[in-house]
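Colleague:
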Amino acid sequence: MENITNTHLFGILLTVGLFYLITLIKHRSRQNWLNPLLLSVIIIICILVLTEIPFEHYMKGGSVIHAFLGPVTVVLALPLYRQRKLLVEHKYSIVGGILAGVASAVLSVVGLSRLLGLNELLERSLIPHSVTTPIGISVSNMLEANEGITIISIIITGILGGSIAPVLLKLLRIKHPVAKGLSIGTSSHALGTTKAIEMGETEAAMSSLAIGVAALTTVLVVIVMQTMGWY
């Protein structure tokens with residue numbers, strides 16, 4: 001068994017195969033609650049635990065998939081370039097929306113953490129939960145937080161954002177594609193952007209823009225907070 005699991009091919013086939021299978025089931029059943037990303041993560045964890053396969057074995061192939069995160073993020077610039085006229089037309093709304101999203105993400109963590117009596121380390125670790133993983137890790141290190149907790153919070157935020165975004169947008173009657181894309185990208189970074197891509201090219205462009213701007217803004221907010229002696 002170890003000869004099979006302790007290879008790069010095992011992690012790649014398990015991840016891609018599960019994602020493709022769940023996606024296929026979702027399209028055929030037309031059940032929107034079947035989130036391929038969320039269910040793939042849960043099933044892979046269950047498989048590794050139940051079969052006692054070492055995580056290191058899985059990550060030999062998982063690390064290969066993870067290596068594509070950077071190039072895939074760069075590819076998101078393509079729909080943004082195609083929608084550049086829309087970007088100029090709504091520049092003030094876009095900047096205002098992203099700033100509001102970053103402010104609510106940071107302040108909600110600080111406010112709820114202190115309201116619920118969470119310790120300061122956990123509070124610092126959760127602050128970068130809405131930015132993309134590489135930047136989130138850097139922010140976590142700036143705050144001398146727990147990098148592991150930060151990564152988990154980023155993953156959970158992205159998965160939940162991509163899962164519930166369509167429902168929330170419908171309930172709040174948000175129909176403009178720019179507003180949809182910005183809200184998803186600002187709150188749930190690259191993982192949420194996969195859902196924006198499904199919605200349309202404008203949503204994908206605005207969401208990919210929000211990933212970068214929100215991450216940069218979060219870094220600046222943390223610098224200001226440290227300058228003021230809050231952390």
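Counted the way UniProt numbering counts, the sequence shown spans residues 1 to 231. For every residue, glycine included, the Cβ atom is placed at its ideal position computed from N, Cα and C.
Note down the Cα distance separating THR133 from ILE154, rounded to an integer number of angstroms.
Modeller: Going from the Cα of THR133 to the Cα of ILE154 covers about 7 angstroms.
Colleague: How would you call PRO54, buried or exposed, if buried means at least 16 neighbouring beta carbons within 10 angstroms?
Modeller: Exposed, because fewer than 16 other Cβ atoms sit within 10 Å of the Cβ of PRO54.
Colleague: What residue range is occupied by the uninterrupted alpha helix (DSSP H) comprising ILE174?
Modeller: That residue, ILE174, is in no alpha helix (DSSP H); it is neither H nor E in DSSP.
Colleague: Determine the direct distance from the alpha carbon of VAL16 to that of ALA204, and round the result to whole angstroms.
Modeller: Those two C-alpha atoms are separated by around 22 angstroms.
Colleague: Rank GLY11, SER163, LYS180 by C-alpha distance to the C-alpha of VAL64 and give the top, closest one.
Modeller: If we check each option's Cα against that of VAL64, GLY11 comes out closest.
Colleague: Hey, which unbroken runs of the alpha helix (DSSP H) at 4 residues or more fall wholly within the stretch 20-67?
Modeller: Segments of the alpha helix (DSSP H) lying fully in the stretch 20-67: 36-51, 55-66.
Colleague: If we call anything under 7 angstroms between Cβ atoms a contact, is LYS26 one with LEU13?
Modeller: Against a cut-off of 7 angstroms, the Cβ pair of LEU13 and LYS26 comes out as no contact.
Colleague: With distances taken Cα to Cα, identify the nearest neighbour of VAL131 among ILE151, LYS170, ASN119, LYS180.
Modeller: Measuring from the Cα of VAL131, the nearest candidate turns out to be ILE151.
Colleague: Just tell me which of ILE127, GLU144, THR194 has its CA closest to the CA of ILE159.
Modeller: It is THR194 whose Cα lies nearest to the Cα of ILE159.
Colleague: Where ALA165 and ALA190 are concerned, what is the direct C-alpha to C-alpha distance, given to the nearest angstrom?
Modeller: Roughly 13 angstroms separates the two Cα atoms.
Colleague: Relative to the C-alpha of GLN83, which residue among TYR20, ALA105, GLY181 is closest?
Modeller: The shortest C-alpha separation from GLN83 is found at GLY181.
Colleague: So PRO128 packs on THR218, CB below 8 angstroms; how close in whole Å?
Modeller: Correct: roughly 6 angstroms between the Cβ atoms.
Colleague: For the candidate residues LEU168, ILE174, THR227, VAL75, whose alpha-carbon lies nearest to that of ILE211?
Modeller: For the residues LEU168, ILE174, THR227, VAL75, the minimum Cα distance to ILE211 belongs to VAL75.
Colleague: Just the Cα atoms here: how many angstroms apart are GLU201 and ALA179?
Modeller: Distance between the alpha carbons of GLU201 and ALA179 is about 13 angstroms.
Colleague: Sort ILE223, GLY96, SER138, ALA196 by Cα distance to GLY162 and report the nearest one.
Modeller: For GLY162, the nearest C-alpha among the options comes from ALA196.
Colleague: Return yes when the C-beta of ALA196 is under 6 angstroms from any heavy atom of the ligand PLP, and no when it is not.
Modeller: No copy of the ligand PLP appears in this structure; indeed no ligand is present at all.
Colleague: Let's see if you can read the secondary structure: which residues bound the alpha helix (DSSP H) around VAL213?
Modeller: From DSSP, the alpha helix (DSSP H) with VAL213 extends over 201-227.
Colleague: Return the chain-ordered list of same chain residues with a C-beta closer than 7 angstroms to the C-beta of LEU18, the five sequence neighbours on each side being excluded.
Modeller: Excluding positions up to five away in sequence, the list reads SER40, ILE43, ILE44.
Colleague: I'd like to check one pair, SER113 with ILE149: are the Cβ atoms closer than 7 angstroms?
Modeller: Result no, Cβ atoms of ILE149 and SER113 do not sit closer than 7 angstroms.
Colleague: Along the alpha helix (DSSP H) that carries ALA103, what are the first and last residues, could you check?
Modeller: Looking at the DSSP string, the run of the alpha helix (DSSP H) that includes ALA103 is 91-115.
Colleague: Determine whether the beta carbon atoms of HIS90 and ASN6 lie at a separation below 7 angstroms.
Modeller: Not in contact: HIS90 and ASN6 (Cβ atoms no closer than 7 angstroms).
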